[in-house]
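Going down the list, the sequences are from chains Y and U. When we follow this note's numbering, the leftmost residue of the first sequence carries the number 1, and every step to the right adds one. When we follow this note's numbering, the leftmost residue of the second sequence carries the number 1001, and every step to the right adds one. See below for the structure under consideration.
2 protein chains.
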Amino acid sequence: MKLLTKNTDYAIRALIELTVHKEEYLSARSIANKQKMPFQFLRSIMQELIKYKIVSSKEGVKGGLKLIADPAKIKIVDIIRIFQGEIELSDCMFQQKICENRKTCVLRKEIKRIEKLVENEFGKLTVKGLVKKISKQEKGGK
Amino acid sequence: MKLLTKNTDYAIRALIELTVHKEEYLSARSIANKQKMPFQFLRSIMQELIKYKIVSSKEGVKGGLKLIADPAKIKIVDIIRIFQGEIELSDCMFQQKICENRKTCVLRKEIKRIEKLVENEFGKLTVKGLVKKISKQEKGGK
DNA sequence: ATAAACTGATGCTATATTAGTATCAGTTTG
DNA sequence: CAAACTGATACTAATATAGCATCAGTTTAT
Ligand code: FES
Ligand code: FES
C-alpha cells in the first residue's frame, strides 16, 4: 500500500526546489537533474501544476518554471488530490447486511473516519512547512 | 487514492459473515451469493486466509469455511497487510537535498508519521468490533 | 457406487493505474 | 539563426488489481 505515487512525490520535491529558489525561473531540466527525476515525466507533472496555477512558466532560453502560489498555502493534500484524486473507499457497492445501506454501513463509516484523518494530516503539511523543517535540520546538523 | 482494495474488502465482509455464523461451516459459494462477491475471487481470498490460520476449511459436501481465529483479535490492519502489504512510502529513492539521507529526510519523516497513524487506526478496528457495531445499529434502527 | 457440493492447487486473462518516453511546434535569448 | 526552453499531445512499458477457469481430490446423501 502506497500513500504517495511518484508524480505526487516528484511534484512535492520540485515545489520544494522552486520554493528555495523563489523569484527565479528554474528549467524542468535543471530540477530533474538536481533531484534525479525523469525529465519528461517531470515536465508532464509541471504542466499539471501550471494548470492549477501553482507554478507559472516562461518559454525560451532562460525560461522555466516559477512558483506563483504561496508555499505556505500549498498543502500536501492538494498535491495528492491533483495526482491521485480524492481519497476514496474501494468503491464499495451496496451489498447485503454490511452495506445494505451506504449511509449506515459500519465498515464504510470507519474507513471514512480514517480517510478524513489522513486528509487532515496531509492538510496540515505545506510546502513551506517542509522547507522550514529542512532548513532547520541543516542548521541543527552542523 | 484507495485505502482498501477489493480483496481486503471482500475478506473483511467474509470474516464478518463467518463471525456471525461462528462454529458453522459456510461454503465460499454461499458467502459469495450473500455478499454478492465474485465466487472464484472469493475462493482465492479465502485460501489466503487459510494460509494465515484465520479460517479453516473442510472439503466435501457440507464442507466450507469456518473461523478459527478469535474475531476480537483479527485486526483490520492484519487483513490489509495480507492483501496489500505493508503501508509504505512511494519507495522514495535517496535523492539530493530532500532525500540526501533517508534517516533525516523531512518528507519521509512526515509521511512515515502519517502512515503510522493509519496503521494504528486500522489496528484498533477488529472484525468483532465491526460485528458489534453492526448489531448495535440493527437494534437501534428498529 | 456414484453424483453433487464442496476445497486445493494452480495458472490464466482482463482491466486499470502508474510510470515514463517521444515528438513536433512555437518562443525567447544571445 | 541556433540553443535552450515550454506547449501540446500522443504514445509505450511496467505493474498492480480484479477476476475466471480447470482439474484433482474429499465428503456426504442417496
Ligand atoms: S457501503 Fe461501502 S463498505 Fe458498506
Ligand atoms: S528518503 Fe524518501 S522522501 Fe526522502
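C-beta atoms are modelled at their ideal positions from N, C-alpha and C, and glycine is treated no differently.
Chain-ordered chain Y contacts of E1121 of chain U [CB-CB under 7 Å]: I114, L117
In chain order, each beta strand (DSSP E) run of at least 3 residues that lies wholly inside the segment 1011-1060 of chain U: 1055-1058
Residues sharing a beta bridge with L125 of chain Y, DSSP: For L125 of chain Y, which the question treats as bridged, DSSP gives no partner whatsoever.
Cβ of T1005 of chain U within 8 Å of any chain Y Cβ: yes
Proximity test, Cβ basis, 8 Å: I1068 of chain U and chain Y: no
Three-way DSSP call (helix, strand, coil) for K73 of chain Y in this model: coil
Buried or exposed (CB count within 10 angstroms, at least 16 for buried), A1028 of chain U: buried
Pick from Y:E115, Y:P71, Y:I12 that is closest to E1121 of chain U, judged by C-alpha positions: Taking each of Y:E115, Y:P71, Y:I12 in turn and checking the Cα distance to E1121 of chain U, the smallest one comes out for Y:E115.
At least 3 beta-carbon pairs within less than 8 Å: the segment 1002-1010 of chain U vs the segment 1032-1046 of chain U: The answer is yes - the segment 1032-1046 of chain U touches the segment 1002-1010 of chain U, with three or more Cβ pairs under 8 Å.
For G64 of chain Y, the first and last residue of its enclosing beta strand (DSSP E): 64-67
Whether A72 of chain Y touches L42 of chain Y by CB criterion (8 Å): no
Assigned secondary structure, E1088 of chain U (DSSP; H/G/I helix, E/B strand, else coil): strand
Residues that V106 of chain Y contacts on chain U, provided the C-beta gap is smaller than 8 Å: L1130, K1133, I1134, Q1137
Cutoff 8 Å: E992 of chain U Cβ touching any chain Y Cβ: This structure gives no information on residue 992 of chain U, because the portion of chain U shown stretches from 1001 to 1142.
Helix, strand or coil at L1130 of chain U according to DSSP, with G and I counted as helix: helix
Whole-Å CB distance - A69 of chain Y paired with K53 of chain Y, under 8 Å assumed: About 7 Å; that satisfies the 8 Å criterion.
Chain-ordered neighbours of L1125 of chain U on chain Y, where CB pairs are closer than 7 Å: Residues of chain Y whose Cβ lies closer than 7 Å to the Cβ of L1125 of chain U are, in chain order, E110.
Beta-carbon proximity check, I1074 of chain U vs M1 of chain Y, cutoff 8 Å: No, Cβ-Cβ distance for I1074 of chain U and M1 of chain Y is not below 8 Å.
Closer than 8 Å at the beta carbon, the chain Y residues around Q1084 of chain U: Ordered by position in chain Y, the residues that pass the 8 Å Cβ test against Q1084 of chain U are M1.
Selection from Y:K22, Y:V118, Y:G85 that minimises the alpha carbon distance to I1087 of chain U: Y:V118
Cross-strand partners of K112 of chain Y (DSSP beta bridge): Paired residue(s): none; K112 of chain Y is not in a bridge.
Contact check, Y1025 of chain U vs K1051 of chain U, beta carbons under 8 Å: Against a cut-off of 8 Å, the Cβ pair of K1051 of chain U and Y1025 of chain U comes out as no contact.
Burial state of G1064 of chain U, where buried means 16 or more other Cβ atoms lie within 10 Å: buried
Residues of its chain near G129 of chain Y, where Cβ-Cβ distance is below 8 Å and the 5 sequence neighbours each way are ignored: A72
Closer than 9 Å at the beta carbon, the chain U residues around I80 of chain Y: M1001
Residue burial classification, V106 of chain Y (beta-carbon count within 10 angstroms, cutoff 16): buried
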